[in-house]
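Asker: Note that the UniProt record's numbering numbers the sequence shown so that position 203 is 203, with each residue one more than the last.
Glycine residues also receive a C-beta, built at the ideal position from the N, C-alpha and C atoms.
Computed from a prediction, not measured in an experiment: that's the story for all the values here.
Here it is, the structure, as structure tokens.
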Amino acid sequence: MDEAKIQFSPAEMELMCNAGVILTKNRILYGIRRLLESLEGQMQRAAYLADPGPLADALGPSAKISKGENYLGLPYLVLDYPRSFDSRSIFAVRTLFWWGHSFSSTLHLSGAWKDLFAHNIVEAHGLLSQNNYFIGINEEDPWQHHFEEDNYRAIALMNAGAFSDRVERADHLKIAAEFPLRDVHFVAEDLLQSWQRLLEVCGMRFRGEW
């Protein structure tokens, strides 16, 4: 029996006995979900008024907010819109909250969608560089979202030729920006601007105030 006995540190015991920790966590996640729901509404209004260009099919599926408790051990919430996923191709703009780390805004392309927009992405090198975007470099797992050096590279550190080569070689092309959690009270505007910028790179044209 002694071998099966579980030992907790004093710090772990203190957390275990403090219900307020989990209640506070739940309130935070509820607030983040409300933030994403507000963004979802703004995105859908903007898309309704926009000229979708080549993105009409990708805009067909409704937006989706999902959540989990264990991305690298930590809770997350994600808003996908537009979202077009099938076994051969992906078009998605993913807005992610990752507990303890950051918010992020990611364009994810593969298959026919990647082939369609690779040239647009290459031509946007300057724009993406100036706005602090990163490009995915993880060849093994396109579903990793952290910004460590083995997963993303800052586009500002790549010349146009190196960036073009990376775009062309990628089976899953990911362009992402990261925003600090401490900016939570005004990050919605940054996330919405990033969403619009990424879709404009792909040929969508927005109209007026929304």
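1) In the DSSP assignment, find the unbroken alpha helix (DSSP H) run with residue 194 in it and report its ends.
2) Given a cut-off of 9 Å on the beta-carbon distance, is the pair residue 90 and residue 68 in contact?
3) Exposed or buried, what is residue 98 when buried is set at 16 or more other beta-carbons lying within 10 Å of its beta-carbon?
4) With DSSP as the reference, identify every bridge partner of residue 105, one or two as the case may be.
5) If we call anything under 9 Å between Cβ atoms a contact, is residue 87 one with residue 147?
6) Count the other CB atoms, across all protein chains shown, that sit within 10 Å of the CB of residue 11; report buried if there are 16 or more and exposed otherwise.
7) Who pairs with residue 66 in a beta bridge, going by DSSP?
8) Does residue 50 pass the burial test, meaning 16 or more other C-beta atoms within 10 Å, or should it be called exposed?
9) Are the CB atoms of residue 100 and residue 74 nearer to each other than 9 Å?
10) Give the secondary structure of residue 172 by DSSP, where H, G and I count as helix, E and B as strand, and everything else as coil.
11) From which residue to which residue does the alpha helix (DSSP H) around residue 41 run?
12) For residue 34, which of 57, 8, 65 and 56 has the nearest alpha-carbon?
13) At a cut of 8 Å, does the stretch 186–196 reach the stretch 161–168 through at least three beta carbon pairs?
14) So within the stretch 106–164, which uninterrupted beta strand (DSSP E) runs reach at least 3 residues, ignoring any that extend past its ends?
15) Out of 173, 41, 114 and 36, which has the shortest C-alpha to C-alpha gap to residue 96?
16) Please classify residue 174 as buried or exposed, where buried requires at least 16 neighbouring CB atoms within 10 angstroms.
17) Using only CA atoms, which one of 116, 25, 105 and 31 lies nearest to residue 203?
18) Determine the closest residue to residue 122 out of 191, 159 and 139, with distance taken between C-alpha atoms.
19) Keeping to the same chain, check which residues put their C-beta closer than 6 Å to that of residue 190; ignore five residues upstream and five downstream.
20) What are the start and end residues of the alpha helix (DSSP H) that includes residue 16?
21) How many Å lie between residue 13 and residue 131 at the Cα?
Answerer: In this structure, then:
1) Per DSSP, residue 194 belongs to the alpha helix (DSSP H) from 187–201.
2) No, these two residues do not count as a Cβ contact at 9 Å.
3) With 16 or more Cβ atoms within 10 Å of its Cβ, residue 98 is classed as buried.
4) Under the DSSP definition of a beta bridge, residue 105 partners with 95 and 177.
5) In this structure, residue 87 sits away from residue 147, with a CB-CB distance that is not shorter than 9 Å.
6) In the assembly as shown, residue 11 is an exposed residue. Its beta-carbon has fewer than 16 other beta-carbons within 10 Å.
7) The partner list for residue 66 (beta bridge, DSSP) reads 78.
8) The residue in question, residue 50, is buried, as its Cβ has 16 or more Cβ neighbours within 10 Å.
9) A contact, by the Cβ cut-off of 9 Å.
10) DSSP places residue 172 in strand when its eight states are reduced to three.
11) Here the alpha helix (DSSP H) through residue 41 covers 19–49.
12) It is 65.
13) With a cut-off of 8 Å, the stretch 161–168 and the stretch 186–196 do not count as touching, because too few Cβ pairs lie within range.
14) Along the stretch 106–164, the beta strand (DSSP E) occurs as fully enclosed runs of 3 or more residues at 134–136 and 152–154, listed in sequence order.
15) In this structure, 36 is the residue among 173, 41, 114 and 36 with its C-alpha nearest to the C-alpha of residue 96.
16) Around the CB of residue 174, 16 or more other CB atoms lie within 10 Å, so the residue is classed as buried.
17) When the alpha-carbon of residue 203 is set against those of 116, 25, 105 and 31, the nearest one is in 116.
18) The shortest C-alpha separation from residue 122 is found at 159.
19) These residues qualify, in order along the chain: 179.
20) From DSSP, the alpha helix (DSSP H) with residue 16 extends over 10–16.
21) Cα-Cα distance, rounded: 44 Å.
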